[in-house]
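Asks: Structure in structure tokens, see below.
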Amino acid sequence: MNSKMTQVTDRQPGFSIPRLGAVSSIQLGIFCATALVFGVLAYFSVMLTRDETRIAAVWIPNAVLVALIIRQREGHWPAMLIGAVIGNFSANILGGDETLRAASLALANVIEVMVVLLLLTRLGCERPNFSRNTDIGLFALAAVGAASCSGLAASLVLNPAGLAGAFDFWWPWARGDALGLLLFVPAITIILDAFENRKALTKRAFIEACLIICFGTAVSVFTFWQTSYPFLFLDAPVVLLYALRLGTLGNAIAIINLAIVATVATSLGYGPINLVKGGMADKLMVLQVFLTSSFAVGLPFAALVQSLKERKTSYRLLAENLADANRTFDTVAQISPAGIFRCDLQGKCTYANAKSLKLSGMTLEEATQGKFARHVHPEDRDRLLEQWAAEVKTGRGYEVEFRICVPGEPVRWIHSQVAPEHDSEGKIIGYVGVQMDITARHHIEQELRDARDKAESADRAKTSFLANMSHEIRTPMNGVLGFADLLLTTSLDEKQRQHIELIAESGRSMVTLIDDILDLSKIDADAMRIASVPIDVRHTVDGAVRLMRATATAKGIDLNLSIAGDLPTTMAGDKLRIRQVISNLLGNAIKFTKEGAINVQVACHPQGDTKCIEILVKDDGIGIAEDRLEAIFGEFTQADGAVASNYGGTGLGLAISRRLARLMGGDITVTSRVGEGSTFRFVLPFRDVERSDPQTVERSPERPLASEPEASSGKILIVEDHPINQELISALVGNLGHDFDLAVDGLEAIEMVEKTAGQGVYKLVLMDIQMPRCDGVTATRKIREAGHSPQDLPIVALTANAFGDDVEKCLDAGMQAHLAKPINAGKLEACIGQWQREARRPAKSDGNSVVERMRPKFDELKEQVHAAATDWLAGAEGKEPACAQQLRIRLHQIAGVAALFGDEKIGTLASRSERYFTLNADTPAAQSADGEIGDALRELVQLTR
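Pasting the structure below:
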């Protein structure tokens, strides 16, 4: 390191410079510059110090090199180190060292530089920040350690006696090198950083800096250019002044200034240090101690001042940012459409924006006094306070809705969302919340609820209307189809038979349409119940196919059924609805197929983790255009207008079928091409059940008795209040070869069953549902309560109400089946045959006389209607409600049968009038002879004369 050695040695005349190889011009320039600067500094550092060993009191070159490498460490430090070795070696040669010693001392200096850099890296302080005392301390540790290592290496070179006197060389070397590092590395680094990050100085700052530097230089010169007084203590306040006013940069200038002045003056024999008694070594040590103390006082103090300034600046910026944030928050909070509030753990409000105060109807003073619940609706106050207390205990956020009642203002609905506020340690110190006025939303929700209630009410009214209309339509249709069937059993010519068959077919079409509309209404109302009971899949599909085979055969179409061998026998499902869907699909296939075949294929396929039942209905019909494949599943929709005109139909069948399929968890899809036929795919999820499971016993109105009774010769009890229906059903039963008795209402039926109990007189009861005194459901319950079991006495309902709920009521009451009106001979025969097995007397055919035999009763009914209507019209204003009720009953009776006797007009007027009385029985309008009801009744009086 230093050419600090002054022993005279034989000078080596020359030395060789190693080949540097291919290097960049920048690296070559750095190498040369480093060698020159390092050599010059090394030479003058030794020359300025005059003692016996010629070891420099303050070794500057290493400090300059370390400061430059710290800043240029990434790419050029190898060139700088090599240049330093060459420069140091040259200076040593010029100082009189022999070649080996000159090279060894140069290497000792490089070792010192490398150790400093290595220790800084290991200490995590590669780029020290000398404005932080921590970094100053770490650098001081690295500097002392590196100087100690370098001094050890140099002492081995300088001491000819070996280790015996090594300390005498190590101590001054390490002391001078460490002082150089401590004084000049921070100073150079700070000055270079300041130059790199220089900012334009204000005039005032520039003048202040110049004055302080001039003053400090003057004090240092005054102190060290006189030898009369020991004024070393004068420089300490100056160093502090530099640090206090100019920061770390000022301290760096002060240290360099002081070191140069003190070293030069001392080497020239001036200054207080020369007052020290002793040799040059003692004086140098005093100089080193003085400079070290100046460093120890100045730089840490400057770092502390810098830290305080930075902290003050940081606090000022934080305060400004906080004030700006507060202003921003306050501005946003004041214009926010939401109320914002803050409260402590006791619920006392500590902040509330304008919107929050407006929503709560309070002033800020009232809010901060804990009167927040003052205007809360009395019905909501306790709930709100209880929820607050509960959430404070748990420390959770919550949401709540409540009403605010401010005098003179409408009631407001408030939605409040509250969350806990935590301090830096995570402790809850209060709550913050947001409030929104949701009054409009509540009004909308209430309107929606009202609209929903109205819609549900309308839906119930529609369902009730359809049920009543079903009853009203089925009652006359019962007569039409019944008497048509009776007429077909008489002697008719071919033309008469065709006319009667057309009447019957039209009636059946009407009934089918009614059934479709009722099913669709039931599905729309979400009231369609899908059963889940064990069914025989093969039997269900085969039954539907057999039912349609006769129709297909009549058109010359082959109807084929193919069932896969691995098809499960039993599954859970709704037999009635599955059969209905298959029948609809087959009906469509038959309708639209002129010739060819219809193939039904049934198989079971895996579907994910489960299985599905697939039913394919393929026909050779007219096909469907591709763009109409989805449209055909719409309500009242067909493929096109030509289909509707050529084939008829309502367009409800496929809509109902698909919706039923989806209610059962399946679906219906179709593929088709015009002129090539169609394939409908009906898929159902397979639900496996055990037929023996007592919880899934199939309950269907078509189910035979669990234990069929023995064949008997008992009678059939017909329970019917309508005279004409009495005649019709009696005629049909009689023509089928069965004996019968007649009861006019439920009470009479109960009496007749009780009188013949245990005698086996009645084998079956055909029970009407809507009857005076005692309806059919009540009568059935009483018969079952009396101990008459279904096995002893089956009861079949006769009703025009075809809704599933009506059927369910009948079954729940203890009936075994449901026979919907209109009733014809075929349906009645099938029903009786299903529930009874017996030998019967031969059927008779006397339908030709039934209508004429009942005409006197019809004429009598007309007279009763005429009298009741005339009486009501004559004194409607003073009549009791019972009078109107009696008239309604007569109207109901004649409305259902008038068409059978050719008096359709009477039936229409009676039905309309009866509906009016039913819907308006409790209103004054129903008791007035004015208006539409009066006109209808007056016309009815004219027609019933």
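Those letters in the sequence shown? Residues 1 to 945, per the UniProt record's numbering, in order.
Note that the Cβ used here is the ideal one computed from N, Cα and C, for glycine as well.
Below 8 Å CB to CB, which residues in the same chain sit around residue 642 once its five sequence neighbours on both sides are set aside?
Replies: Bear in mind that a pLDDT of 47 at residue 642, under 50, signals an unreliable position, so the number given afterwards is only what the model happens to contain. Correct list: empty, nothing qualifies.
Asks: Could you check what DSSP says for residue 893 in three-state terms: helix, strand or coil?
Replies: Three-state DSSP puts residue 893 in a helix.
Asks: Is the segment 87 to 98 touching the segment 120 to 128 in the sense that three or more CB pairs, one from each, lie closer than 8 Å?
Replies: Too few Cβ pairs lie closer than 8 Å, so no.
Asks: Are there 16 or more other CB atoms within 10 angstroms of the CB of residue 945, so buried, or fewer, so exposed?
Replies: The residue is exposed, with fewer than 16 neighbouring Cβ atoms inside 10 Å.
Asks: Secondary structure at residue 342, three-state DSSP: helix, strand or coil?
Replies: Residue 342 falls in the strand class under three-state DSSP.
Asks: Let me confirm a value: residue 424 is counted as buried when at least 16 other C-beta atoms fall within 10 Å, else exposed. Which label applies?
Replies: Classification of residue 424: exposed, given that the 10 Å Cβ count is below 16.
Asks: Out of 835, 681 and 936, state which residue places its alpha-carbon closest to the alpha-carbon of residue 599.
Replies: Looking at the Cα atoms, 681 is the closest of the given residues.
Asks: Comparing alpha-carbon positions, which option in 608, 618, 587 and 262 lies nearest residue 602?
Replies: Measuring from the Cα of residue 602, the nearest candidate turns out to be 618.
Asks: Measuring straight from C-alpha to C-alpha, what distance separates residue 59 and residue 176?
Replies: So the alpha carbons of these two residues sit roughly 6 Å apart.
Asks: Counting pairs of Cβ atoms below 8 Å between the segment 259 to 270 and the segment 223 to 242, do you hit three or more?
Replies: With the cut-off at 8 Å, the segment 259 to 270 and the segment 223 to 242 touch.
Asks: Within the segment 124 to 211, note down every full alpha helix (DSSP H) run reaching 4 residues or more, in order along the chain.
Replies: With a minimum length of 4 residues, the continuous alpha helix (DSSP H) runs that stay inside the segment 124 to 211 are 133 to 158 and 166 to 196.
Asks: Under the three-state reduction of DSSP, which class applies to residue 945: helix, strand or coil?
Replies: Here residue 945 sits in coil by DSSP.
Asks: Look at the Cβ atom of residue 354, then the Cβ atom of residue 360, and state whether they are nearer than 8 Å.
Replies: No, the pair does not count as a contact, with Cβ atoms beyond the cut-off.
Asks: Who are the near neighbours of residue 62 in its chain, counting only those whose CB is closer than 7 Å to its CB and skipping five residues on each side?
Replies: These residues qualify, in order along the chain: 1, 109, 112, 113, 177, 180 and 181.
Asks: DSSP state of residue 606, grouped into three classes?
Replies: DSSP places residue 606 in strand when its eight states are reduced to three.
Asks: Using the beta-carbon count (16 or more within 10 Å), is residue 418 buried or exposed?
Replies: It is buried - the Cβ of residue 418 has at least 16 other Cβ atoms within 10 Å.
Asks: Tell me the DSSP secondary structure of residue 376 in three-state form.
Replies: Strand at residue 376.
Asks: Count the other C-beta atoms from every protein chain shown that fall within 10 angstroms of the C-beta of residue 283, then say buried if there are 16 or more, exposed otherwise.
Replies: Buried, by the Cβ-count rule.
Asks: Whether or not the segment 30 to 39 and the segment 135 to 148 are in contact is what I'm after, with contact meaning three or more pairs of Cβ atoms, one per stretch, closer than 8 Å; do they touch?
Replies: The answer is no - the segment 30 to 39 does not touch the segment 135 to 148, with fewer than three Cβ pairs under 8 Å.
Asks: Could you check whether the Cβ of residue 29 sits closer than 7 Å to any heavy atom belonging to the ligand NAP?
Replies: The ligand NAP is not part of this structure, which contains no ligands at all.
Asks: Can you check DSSP and say which residues form a bridge with residue 741?
Replies: Answer is 717.
Asks: From the DSSP secondary-structure annotation, give me the bridge partner or partners of residue 560.
Replies: Per DSSP, 599.
Asks: What would DSSP say about residue 408, mapped onto helix, strand or coil?
Replies: Note: residue 408 maps to coil in three-state DSSP.
Asks: Please classify residue 659 as buried or exposed, where buried requires at least 16 neighbouring CB atoms within 10 angstroms.
Replies: Residue 659 should be labelled buried.
Asks: What's the C-alpha gap between residue 511 and residue 580?
Replies: The straight-line gap from Cα to Cα measures roughly 15 Å.
Asks: Kindly list the residues whose CB is nearer than 6 Å to the CB of residue 13, restricted to its own chain and excluding five residues on each side of it in sequence; keep chain order.
Replies: Because residue 13 carries a pLDDT of 35, less than 50, the predicted location of this residue cannot be relied on, and no value is offered for it.
Asks: Just to confirm the assignment, what range does the alpha helix (DSSP H) spanning residue 687 have?
Replies: First-last for residue 687: undefined, no H or E at that position.
Asks: Can you give me the start and stop residues for the beta strand (DSSP E) that residue 433 sits inside?
Replies: 428 to 437 is the extent of the beta strand (DSSP E) around residue 433.
Asks: Grouping DSSP H, G and I as helix and E and B as strand, with all else coil, what is residue 585?
Replies: Helix at residue 585.
Asks: Apart from the five residues on each side of it in sequence, which residues of its chain come closer than 6 Å, Cβ to Cβ, to residue 559?
Replies: Answer for residue 559: 549, 552 and 598, listed in chain order.
Asks: Rounded to whole angstroms, how far is the Cβ of residue 67 from the Cβ of residue 256, which I believe are closer than 8 Å?
Replies: In fact, because the Cβ distance is near 12 Å, the residues do not count as touching under 8 Å.
Asks: Could you spell out the range, first to last residue, of the beta strand (DSSP E) harbouring residue 672?
Replies: Its beta strand (DSSP E) spans residues 667 to 673.
Asks: Take residue 147 and list the residues in its own chain whose beta-carbon comes closer than 7 Å to its own, dropping the five residues that flank it on each side.
Replies: 112, 174, 177, 178 and 181.
Asks: Tell me which same chain residues have a C-beta within less than 8 Å of the C-beta of residue 298, skipping the five on either side of it?
Replies: Excluding residues within five positions, the ones whose Cβ falls inside 8 Å are 239, 240, 242, 243, 251, 254 and 255.
Asks: Assuming residue 186 and residue 230 are in contact, meaning their beta carbons sit under 8 Å apart, how far apart are those beta carbons, in whole angstroms?
Replies: With 8 Å as the limit, residue 186 and residue 230 do not qualify as a contact, their Cβ atoms being about 27 Å apart.
Asks: Give me the Cα-Cα distance between residue 591 and residue 585, rounded to the nearest whole angstrom.
Replies: Rounded to whole angstroms, residue 591 to residue 585 spans 10 Å at the Cα level.
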